[in-house]
Structures are given as structure tokens and as C-alpha cells.
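Only one structure is covered here, and it is reproduced in the block below.
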């Protein structure tokens, strides 16, 4: 509506101006023409004041670089009626001017969109903020410093969890290479250095596994400020291993003694005792097992030889008994064929008897236990043997 009034007013000014010129040249009255022109002019001015202003935003530079810290200052202008916002945030203006400071977080350009508003009318202006070369270099240096710091933190953490000389040296090198002093790192590194000898003493005790090394390490661990409980547990484990080792050594000594006894006196009893001692060993013992197996072979050989001797002795006894029986049968047959029994051969010439190795009698038959061998009567009497009362 206000635009239509402004248009009518403009046309009224033109018509009034034309009529005024016409009246001037024709020397006619000019009052009506001047009134029309003035009224139209006043109406147009009123419509102009009544019309709302348009929003405006002007940015000095459409593209701007940051300083070496990644900061850039944006300058712009607007009309008094406009309000300026950026991402919903209102920007303060003074006499139609405004400034806005932005700081980039990385090396990527950032676009900012400023909006000038009057009522429901908006005017948009976009500017790009680019990182400067100095800022990119700064970011790269910061990134490198962060990586160096992270590596130093990792090395220090490892040294704290396992304070060996190697880990301490690595952490010290990393911390020294930092561009900025880290007092906390320096303090933690000093603590690691104090605990290095303690940790090494525990490792030595684990390697040597002797009571002297365990006692020495235990005294140092009492002063430890890093991983004290873990170190004490490790020493307890070492002590348990030493105790088990001593027990095993005693068992080995006992088994060795039993094997030696079985070797000196190879009997089934000694062999079984040696086997029992070897079985008590946690991990066995190949040397003692081989030796006791040799004892087993010796026993087997002895038993085989004894068996052969017994078989030979039994065979001899059987042959002697058979010979005695044959002699007795011969004597019986001879007696049956002779009408008179001749006088006894007191000299023993040609008569066969049976004797034992330890007996005091001679026999004409096997009449008891023992080993009987044939001999002449003359040989038996020469040995001082007398006739058996059961046989004669």
C-alpha cells in the first residue's frame, strides 16, 4: 500500500511540474499546479518515511588469513536498523560497524555466514577464513610436540611399571628431547631412578634363586616406592621355588643313595626301594632311571643264572638217583642168581655208594634231602664216612 502511495505521489509531482511549466509559459495561474506538486512531494516523503528500511551487511574482505596463532579479525558495516547474527549469535554493532574475532582449531579453512535482519527480511554475507602458512607451521610444530610428549609419557609409564636401567634410559632420553620442561615428568623420572637397583635385585634373585639373593632383595624392596606389592609377591614366589628346589635336591639325594645301594647289593628289595624313590621326584631323573634299569638287568641275569644252576643241580640229582636205582636193581638181580651170598667186601673194592657234599654217612639209595653223587665205598671210607643206619 505504501509503495502504491509513493508511486501516485511521484506521478503527482511529475504532473504538477508539467502543469507549472505550462502555466509559466502561457502566463496562466500557477497556484493549482504548484499545490499539486507540493502535495505530491509531501505525500511521497511521508510514504518514504513510512516504508521500512532494507537490511544491509558489508564485509570489508571476503577472504582473510589468520595470524601465526590462527586468529583473524573480521570487519563489517550495516545500517542502524539491522541486527547482525552469526550462527544464531548476535554481533554487537557501533555506529553501523562491527568486528568479529575467530580462531581456527586446525589447518582447514572455515566459512562464516553473517546475517543482517530487519523484521522478516534478511541479507546474507559469507566470508572464508584461511589458515596462514605461519599458523600451519605452528600447528605442525604443536602436533610434533604432542607426539613427542605422548612418546615420553609412554616411555615413562613403562619405566614406572618396569623400572629397569634400559627403560629408565629410554624415558630419560624422551623427556630430555621435549621442547618444554615437564616438571611432573622430571619428578616421576627421579623416582624411577631410585627404584632401578631395587628392581634389578629382584630380577637377580629370580635368576640365581638363592637365599642370600632373596634376603638382599627383600631388604631393598622394603624401601621401594614403585610396585612394592608386586615385587614382594615375586620374591615370595622365588622363596617357594627355593624351598621346592631344596626339597627336590633332598629327594634326589635319597633316590641316588637307594640306587647306589641297589647297584652294590642287587636284590629285588633294593631295586624296588630305588624305583619308589625315583617316582617321588617331581620331574623324574633320567640318569638314575637308567642306572636302576641296569640293576634290573643285573637281577634278571642273576635269576637266569640261578635258574640254570638249579636246573643243572636237579638234573645231576636225577641222574645220581637213576644210577643208584640201576645199581640197586643190578645188586638185586645178582643176588637172585648167586646161590650163596658172598661175604661182604670189607675192602669195598668195586662197590658203589651215594654220598652228599656235607654229610657224614654214605648211602646205597637216596634217603633224604640233599645232593647225592655216586662214589666207591673205598672213597667214602677214605673220607671218614660211615654207613647210614637206614640203608644198611
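Numbering (UniProt numbering), first residue to last: 1 to 392.
Where a beta carbon is used, it is the ideal one built from N, C-alpha and C, also for glycine.
Rounded to whole angstroms, how far is the Cβ of residue i from the Cβ of residue j, which I believe are closer than 8 Å?
i: residue 77; j: residue 97; result: 6 Å
i: residue 252; j: residue 293; result: About 17 Å; that fails the 8 Å criterion.
i: residue 394; j: residue 112; result: Only positions 1 to 392 of the chain appear in the structure, and residue 394 is not among them; the question remains open.
i: residue 174; j: residue 190; result: In fact, because the Cβ distance is near 15 Å, the residues do not count as touching under 8 Å.
i: residue 130; j: residue 229; result: 56 Å between Cβ atoms; not a contact.
i: residue 295; j: residue 257; result: Contact flag wrong, Cβ pair sits at about 14 Å.
i: residue 265; j: residue 238; result: Between residue 238 and residue 265 the Cβ distance is about 41 Å, and since that is not below 8 Å, they are no contact.
i: residue 85; j: residue 115; result: 5 Å
i: residue 385; j: residue 360; result: 6 Å
i: residue 321; j: residue 366; result: 5 Å
How would you label residue i, buried or exposed, when you count the other beta carbons within 10 angstroms and need 16 or more for buried?
i: residue 60; result: exposed
i: residue 124; result: exposed
i: residue 82; result: buried
i: residue 362; result: buried
i: residue 168; result: buried
i: residue 70; result: buried
i: residue 278; result: buried
i: residue 274; result: buried
i: residue 342; result: Residue confidence is low: residue 342 scores 41 on pLDDT, short of 50, so the model does not pin down where it sits. No coordinate-derived value is stated.
i: residue 11; result: exposed
i: residue 199; result: buried
i: residue 109; result: exposed
i: residue 140; result: exposed
i: residue 227; result: buried
i: residue 380; result: buried
i: residue 382; result: exposed
i: residue 312; result: exposed
i: residue 172; result: buried
i: residue 224; result: buried
i: residue 255; result: buried
Do you know offhand how far residue i's Cα is from residue j's?
i: residue 74; j: residue 137; result: 23 Å
i: residue 276; j: residue 270; result: 10 Å
i: residue 309; j: residue 299; result: 15 Å
i: residue 133; j: residue 165; result: 43 Å
i: residue 80; j: residue 151; result: 56 Å
i: residue 272; j: residue 373; result: 39 Å
i: residue 323; j: residue 317; result: 10 Å
i: residue 351; j: residue 357; result: 19 Å
i: residue 423; j: residue 195; result: One cannot answer for residue 423 here, as it falls past the ends of the chain, which runs 1 to 392.
i: residue 197; j: residue 246; result: 28 Å
i: residue 259; j: residue 281; result: 13 Å
i: residue 57; j: residue 72; result: 19 Å
i: residue 364; j: residue 289; result: 55 Å
i: residue 235; j: residue 261; result: 39 Å
i: residue 330; j: residue 307; result: 34 Å
i: residue 42; j: residue 99; result: 39 Å
i: residue 106; j: residue 146; result: 14 Å
i: residue 210; j: residue 201; result: 12 Å
i: residue 241; j: residue 161; result: 24 Å
i: residue 233; j: residue 222; result: 13 Å
i: residue 55; j: residue 67; result: 31 Å
i: residue 8; j: residue 117; result: 29 Å
i: residue 375; j: residue 368; result: 17 Å
i: residue 122; j: residue 103; result: 26 Å
i: residue 120; j: residue 93; result: 20 Å
Report yes or no: is there a C-beta of chain C within less than 7 Å of the C-beta of residue i?
i: residue 258; result: Protein chains in the displayed structure number just one, and chain C is not present.
The ligand COA and residue i: does the residue's C-beta get closer than 6 Å to at least one heavy atom of that ligand?
i: residue 138; result: This structure simply doesn't include the ligand COA, nor any ligand for that matter.
*For the region 265-332, list the alpha helix (DSSP H) runs that are entirely contained and at least 4 residues long, ordered along the chain.*
268-279
*asked:* If we require 4 or more residues per run, which alpha helix (DSSP H) segments fall completely within the region 122-154?
replied: none
*Would you call the region 208-216 and the region 168-182 touching, i.e. three or more CB-CB distances under 8 Å?*
no
_Runs of beta strand (DSSP E) wholly within the region 70-110 (minimum 3 residues, chain order)_ = 71-78, 83-86, 89-91 and 97-103
*Enumerated in chain order, which unbroken segments of the alpha helix (DSSP H) with a length of 4 residues or greater are wholly contained in the region 149-185?*
165-176
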